[in-house]
Structure formats: C-alpha cells, structure tokens
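Trainee:
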Amino acid sequence: MGADVEMKDGADKEEKKTAKEETPVAPQDVLDVLFENVTLLEKSVASKGEPRFAAKVLRQTMAWRKKLTPAKLVDFLHAALDDENPSKAGLVALAGGAGSPPPAPPTPPADGEPAPAPPPAPVPPSAAQRLLPETEAYAHLLCVIFLTDAGDARVVQASERALSIVSAAAGRRATDALGARLAFYYALAHERHGEVSDARATLLRLHRAAVTRRDDLGQETCLNLLLRNYLHYSEYEQAEKLRSKAQTPSSRSNPQQCRHLYYLGRIRAVQLEYSEAKACLQQAHRKAPAAARGFAVELTKWITVVRLLLGEIPEKRDLFPSARGASASQKTRDALAPYAALAQAVRAGDLAAFKTVAETHAAAFAADKTHLLVARLRRNVIRVGLRRVSLAYSSISLSDVAAKLGLATSAEDVERVVAKAIRDGGVDASLDHERQLMVGAVATDAYATREPQAAFHARIAFCLDAHNEAVRAMRYPPAAREAKRVGHSAKDVLALEEELATHIMEDDEMDEF
Numbered sequence: 019m020g021a022d023v024e025m026k027d028g029a030d031k032e033e034k035k036t037a038k039e040e041t042p043v044a045p046q047d048v049l050d051v052l053f054e055n056v057t058l059l060e061k062s063v064a065s066k067g068e069p070r071f072a073a074k075v076l077r078q079t080m081a082w083r084k085k086l087t088p089a090k091l092v093d094f095l096h097a098a099l100d101d102e103n104p105s106k107a108g109l110v111a112l113a114g115g116a117g118s119p120p121p122a123p124p125t126p127p128a129d130g131e132p133a134p135a136p137p138p139a140p141v142p143p144s145a146a147q148r149l150l151p152e153t154e155a156y157a158h159l160l161c162v163i164f165l166t167d168a169g170d171a172r173v174v175q176a177s178e179r180a181l182s183i184v185s186a187a188a189g190r191r192a193t194d195a196l197g198a199r200l201a202f203y204y205a206l207a208h209e210r211h212g213e214v215s216d217a218r219a220t221l222l223r224l225h226r227a228a229v230t231r232r233d234d235l236g237q238e239t240c241l242n243l244l245l246r247n248y249l250h251y252s253e254y255e256q257a258e259k260l261r262s263k264a265q266t267p268s269s270r271s272n273p274q275q276c277r278h279l280y281y282l283g284r285i286r287a288v289q290l291e292y293s294e295a296k297a298c299l300q301q302a303h304r305k306a307p308a309a310a311r312g313f314a315v316e317l318t319k320w321i322t323v324v325r326l327l328l329g330e331i332p333e334k335r336d337l338f339p340s341a342r343g344a345s346a347s348q349k350t351r352d353a354l355a356p357y358a359a360l361a362q363a364v365r366a367g368d369l370a371a372f373k374t375v376a377e378t379h380a381a382a383f384a385a386d387k388t389h390l391l392v393a394r395l396r397r398n399v400i401r402v403g404l405r406r407v408s409l410a411y412s413s414i415s416l417s418d419v420a421a422k423l424g425l426a427t428s429a430e431d432v433e434r435v436v437a438k439a440i441r442d443g444g445v446d447a448s449l450d451h452e453r454q455l456m457v458g459a460v461a462t463d464a465y466a467t468r469e470p471q472a473a474f475h476a477r478i479a480f481c482l483d484a485h486n487e488a489v490r491a492m493r494y495p496p497a498a499r500e501a502k503r504v505g506h507s508a509k510d511v512l513a514l515e516e517e518l519a520t521h522i523m524e525d526d527e528m529d530e531f
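Under the working numbering, the letters of the sequence shown match residues 19 to 531, in that order.
#1: Cβ of Val173 within 8 Å of Cβ of Val162?
#2: Locate the alpha helix (DSSP H) running through Gly10, then write down its first and last residues.
#3: If we count the other Cβ atoms within 10 Å of its Cβ and call it buried at 16 or more, is Glu154 buried or exposed?
#4: State buried or exposed for Asn486, treating a residue as buried only when at least 16 other CB atoms are found within 10 Å of its CB.
#5: Using a threshold of 8 Å, state whether the C-beta atoms of Phe71 and Ser62 are closer than that.
#6: Assuming the contact rule is C-beta atoms closer than 8 Å, Val392 and Ala376 should be a hit. Round their C-beta distance to whole Å, please.
#7: Pick from Ser347, Asp418, Thr388, Ala73: whose alpha carbon is nearest that of Ile5?
#8: Which value, in whole angstroms, describes the spacing of the CA atoms of Val315 and Arg277?
#9: Can the beta-carbon of Ile331 be found less than 8 Å from the beta-carbon of Val364?
#10: Return the CA-CA distance between Lys74 and Ala381, expressed in angstroms with no decimal places.
#11: Tell me the residue span of the alpha helix (DSSP H) that contains Gln301.
#12: Is the CB-CB distance between Pro143 and Ala195 below 8 Å?
#13: When you compare only the Cα positions, how much space is there between Leu150 and Ser271?
#14: In terms of residues, what are the limits of the alpha helix (DSSP H) holding Gly424?
#15: Pick helix, strand or coil for Thr87, following the three-state DSSP scheme.
#16: What's the C-alpha gap between Ala122 and Lys90?
#17: If you count every other CB in all the chains shown that lies within 10 Å of the CB of Ala385, and 16 or more means buried, which is it?
#18: With DSSP collapsed to three states, give me the class of His211.
#19: Determine the direct distance from the alpha carbon of Tyr204 to that of Leu416, and round the result to whole angstroms.
#20: Measure from the alpha carbon of Ala146 to the alpha carbon of each residue in Leu109, Phe202, Leu59, then state which is nearest.
#21: Which residues in the same chain as Phe94 place their Cβ atom closer than 8 Å to its Cβ, once the five residues preceding and following it in sequence are excluded?
#22: Just mark Asp483 as buried or exposed, buried being the case when its beta carbon has 16 or more other beta carbons within 10 Å.
#23: In terms of residues, what are the limits of the alpha helix (DSSP H) holding Val162?
#24: Compute the Euclidean distance between the alpha carbons of Leu423 and Leu279, then round it to the nearest angstrom.
#25: Could you name the residues of the same chain whose beta carbon sits closer than 8 Å to that of Gln265, not counting the 5 residues immediately before and after it, in chain order?
#26: Keeping to the same chain, check which residues put their C-beta closer than 6 Å to that of Leu404; ignore five residues upstream and five downstream.
#27: Would you give the residue range spanned by the alpha helix (DSSP H) that Pro470 belongs to?
#28: Assess, as a yes-or-no matter, whether the region 346-359 is touched by the region 211-230 under the definition of 3 or more beta carbon pairs within less than 8 Å.
#29: Tell me which residues share the same chain as Arg406 and place their Cβ nearer than 6 Å to its Cβ, disregarding the 5 neighbours each side in the sequence.
#30: When the Cα of Val435 is compared with those of Ser413, Arg401, Tyr465, which residue comes out closest?
#31: Would you say the beta carbon of Lys334 comes nearer than 7 Å to a heavy atom of the ligand FMN?
#32: Identify, in the order they occur along the chain, each residue of the same chain with its Cβ nearer than 8 Å to the Cβ of Phe372, setting aside the five sequence neighbours on each side.
#33: Grab the span of the alpha helix (DSSP H) containing Ile183 for me, first residue to last.
#34: Please check the pair Thr239 and Gln274, which I expect to be a contact at CB under 8 Å, by giving their CB distance rounded to whole angstroms.
#35: Compute the beta-carbon to beta-carbon distance between Ala198 and Thr166, rounded to the nearest angstrom, for a pair I have assumed lies under 8 Å.
Take a look at the structure:
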C-alpha cells in the first residue's frame, strides 16, 4: 500500500512538472530591464558605490540595446525622470518618438492549448529613484547609445551634455562606471561625426578629474581614449610621453587592460622594440573577450607584421585560427587576406612578389596604420631570400644572388647587403671578396646545437608567464569576502563570484571603434 502511495505521489509530481514546463512564459520587456537597472543603481548608491551593481547595469543595457525603440525610450524617460527635471524635455526630443500605444487585447488560445501567462506590468521607478543623479545620468547614457546605434550626428552634443551632468555629480561612486562609458561614447561620436582632435582637451580634463577622485575605471578609460586619439594622427612620441607619465591604477579592468596593451604594442612596434611589441600584442590577444572578434582581427594584423619583422614566419593557422571551435568567417578571411599574402611573399623571399603585395594592398595597410612597418619588411625579404639561396647552393656568385633576389643594384651594393646579412646572423655563410662568391656553411645537426634547448626554454617561459599573469589578474569582489565573513551560504558566494567573472570576461564595447 505504501508503495502505491509513493508511486502516485511521484506521478503527481511528474504531471505538475510537465504542466509547468508546457505553460508558455511571456517574454521580458525592455522596460522591465531598464526599470530593474534603475533599482540596481539605487542599490549601488546604498552600498557606497559597489561596482558590481553598476557593472550589471551596463551589461544588461548592452544586451538589450538592440530592442530599445524610440517609443520604449520615451516611456522610460517619462517614468524615470521627474517632471521638474530640466533635462527631461531635451532627452525626449532626442528620442524623437511618442509613447508606446496601449497593448492589444490578448488573442484567445486554441482549443486544448494552455493560455499564455499575462506579462506583468513594468514597475516604474519610485519617487526617490527618480530624483537620483544616477538615474538622470543613466537616462543620458541610454539616449547617447540610442543615437550612436542610429548613426545620428546629434550624439556629439548629447554626449557633451551627458558628461556635464556626470561631472556635476562628481564624488558619487555610483556614477564612475556611467561616466567612463559616456567618455567612451563621446570619443566614438567625434570619430564618426566630427574631428577626432576636438575631443582631446575634454578627455584630458576628464582624465585629470578621474585621477583626482581616484576613479580607477575613469583613469584607464580616459588614458586609453587619449592614446587612441594620439595614435589616430600617428603622434607616437606624444602618446608614449603621456603613457609613461600617467598613473596606473592598482585595479585594472580586463577590457581596458587589453586596449592598453594593444596601444602599447603599437607604440613599441614603431619604436623598433619588436620583442616587447610582440609580447604586449599577444598578451592582449589572450586576454581579449571571446565576443570581441573585430578586436582580435586587429590584433592579428599587428602581430603578423611584428613577427615578420622579428624574422618569424606565421603559419596559416596563426592567421586564421578557429574561433572557439568555429572556423574563421569569410569577413575575417577577407580582412586578413592582405597579411596572408604579405607573409607568403616574405616566406618565399621574393622581392617582386613583396612589391606587388605592398602596392596592391597599400590602401588596406594605410587604413590599418601598418604601412610604416610593411615598408620596413624589405630587408627581411632580402634576408629570407639570402637564407634560402645559401641553403640551396654551396657557393654562388654575387651576380647570381642579385638575379635570384631581384636586386637591381651594383655589385658593391649586393656585396654590402650580403655582408650585413651575414654579420647580423641572418645567413649562415661566408663572403669571398676576391672571387665575388657567397659560400654556404656546412650543414650541421640541429640537435647537436643549443637550438632545442632554447626552444624548450622559450615554451617554458611562456607557460610560466601565462601562469603568473593569471595569478596577478585574480580579483575577488568585496561583497564575496563580506559574505564569507558573516557566514552566508556557499551558493550566494558562488553567485557573486560568477557574476564577477562574467563582468571581467564580457564587454560589448570592444568592437565599437
């Protein structure tokens, strides 16, 4: 009898579970998310600027930005801002739409189908939330994002007004993340709809203010924006002076650190410090979020050129790596095609092919700001060609060397080029000046040299550096430590740590520029 009761109870539970799964759930509305973000901002104010809440606000905003329509934005502005707020009328005009129409009556369900659950009405912000400066700053940020996505040139003036609102609320930690994101869109608006240099003075002022307020996120955001501003005009010396004198925050945001390493790698590459440039660019590539595919493509371009300048020949799998298990898209292949052709020309040591590639893709190299580095690759092409010739011939005349490499120069110039390559260690050969010959060295067993040891040492050093970087990058939210101290459940602590990990790894702004 007891077994029958247990079987009946189990069947009832299964039926309830099945009925619950079959009941359709109404989709969440964008207004629900926006109103929830206002509540999170209020929590951030109450917790004296806990960064976790502001990070979640920005993350949810980026996830729902595509569903933000003019009508929904106007509805939010009317509900979130007080009627006496001087910015309300201007923001509503920027949104350029009327409120949402009344909802249509629900359609009756078909026979035998469960009725869908009615969507709950969005709960508007309270009167106290509407008076918060953070709510007004968030409303300005939404309008700036909306105008940016729409390609509206009014975003320049809108971002300037938004920054003035955030500056007026300086000292409130909850606005630091919003101010940093508004500074990002301010610089982006000047790149798309104005003059890039016009934003430099404002960015310098914002950086000074962030340093004064000890706003770490604002410091690194404005510093990266200034570096990008200088590099846009190829002002590498000014960028290096700013970078060397600027204060480095103790806590680094992962996306901002990726950007900083990328700009530092570009500066070092132009300054002929190729080894450090390669290390910075590869570290940025490892730390970049998985969703930032455009940023990864840009890094791959610079890494390819820097490796070629170091005498390394990238393989095809280095240029077109699988993106999280999926093959590279056609758009990615088209963007990296000039650099694949460049690597092929350098690998062959063919000056004619290198010249053809440089002329054919000159516009692409100039747009990527890599044309200066590509011009330096000519000597590397000659060195690779000389190495191939020295391995193929035990001795060869300098005139034949010039013919094979395509050097239309005098015999003295060819001899000077060969002598320099031998002196630099790029070619294992000797030069017979009397007979005008290049004599190749006798091939030796590579395993009898120190090359295998050097290769293993480089791999071990790379693994150790990656481990040390991971240890230094470990971050723990203050709320998680407090939860452990007061005895919260392990489930709550794990939820806090997972949210922090999501905040570190995700950033939808990496591909905006």
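Just so you know, even glycine gets a beta-carbon here, dropped at the ideal spot from N, CA and C.
Mentor: Short version:
#1: Taking 8 Å as the Cβ cut-off, Val173 and Val162 qualify as a contacting pair.
#2: For residue 10 there is no data in the structure shown, the boundaries of the chain being 19 and 531.
#3: Label assigned to Glu154: buried.
#4: Of the residues assessed, Asn486 falls on the exposed side of the cut-off, its CB having fewer than 16 other CB atoms within 10 angstroms.
#5: With contacts defined by Cβ atoms closer than 8 Å, Phe71 and Ser62 form a contacting pair.
#6: Val392 to Ala376, Cβ: 6 Å. Contact.
#7: One cannot answer for residue 5 here, as it falls past the ends of the chain, which runs 19 to 531.
#8: Near 13 Å, if we compare the C-alpha coordinates of Arg277 and Val315.
#9: Yes, the Cβ-Cβ distance between Ile331 and Val364 is below 8 Å.
#10: Near 41 Å, if we compare the C-alpha coordinates of Ala381 and Lys74.
#11: Run containing Gln301: 292-305, per the alpha helix (DSSP H) assignment.
#12: Pairing Pro143 with Ala195 gives a Cβ-Cβ distance that is not under 8 Å.
#13: Their backbone Cα atoms lie some 26 Å apart in a straight line.
#14: Gly424 -> no alpha helix (DSSP H), and no H or E assigned at all.
#15: Correct three-state label for Thr87: coil.
#16: Interpretation of Ala122 is limited by its pLDDT of 48, a score under 50 that renders its predicted location unreliable; no figure is taken from the coordinates.
#17: It counts as exposed.
#18: In this structure, His211 counts as helix in the three-state DSSP scheme.
#19: Between the alpha carbons of Leu416 and Tyr204 lies a distance of about 59 Å.
#20: Distance check between Ala146 and each of Leu109, Phe202, Leu59 places Leu59 closest, using alpha-carbon atoms only.
#21: Around Phe94: Leu49, Leu52, Phe53, Ala157, Leu160.
#22: By the neighbour-count definition (other C-beta atoms within 10 Å, threshold 16), Asp483 is an exposed residue.
#23: Note, Val162: alpha helix (DSSP H), 151-168.
#24: Roughly 37 Å separates the two Cα atoms.
#25: Once the five neighbours on either side are set aside, the close Cβ partners of Gln265 are Val229, Gln237.
#26: Closer than 6 Å at Cβ, skipping near neighbours: Ala439, Val445.
#27: For Pro470, the uninterrupted alpha helix (DSSP H) run begins and ends at 469-490, by DSSP.
#28: Contact between the region 211-230 and the region 346-359 is absent, because fewer than three Cβ pairs lie under 8 Å.
#29: Same-chain partners within the cutoff: Gly367.
#30: Minimum Cα-Cα distance from Val435 among the listed residues Ser413, Arg401, Tyr465 corresponds to Arg401.
#31: Of the ligands one can find in the structure shown there are none, so the ligand FMN has no counterpart to examine.
#32: Spatial neighbours of Phe372 in its own chain (CB-CB distance under 8 Å, excluding positions within 5 residues in sequence) are listed in chain order as Leu360, Ala363, Val364, Leu395, Arg396, Val399.
#33: Per DSSP, Ile183 belongs to the alpha helix (DSSP H) from 173-186.
#34: That pair is a contact at about 6 Å.
#35: Actually they do not touch by this definition, with Cβ atoms about 16 Å apart.
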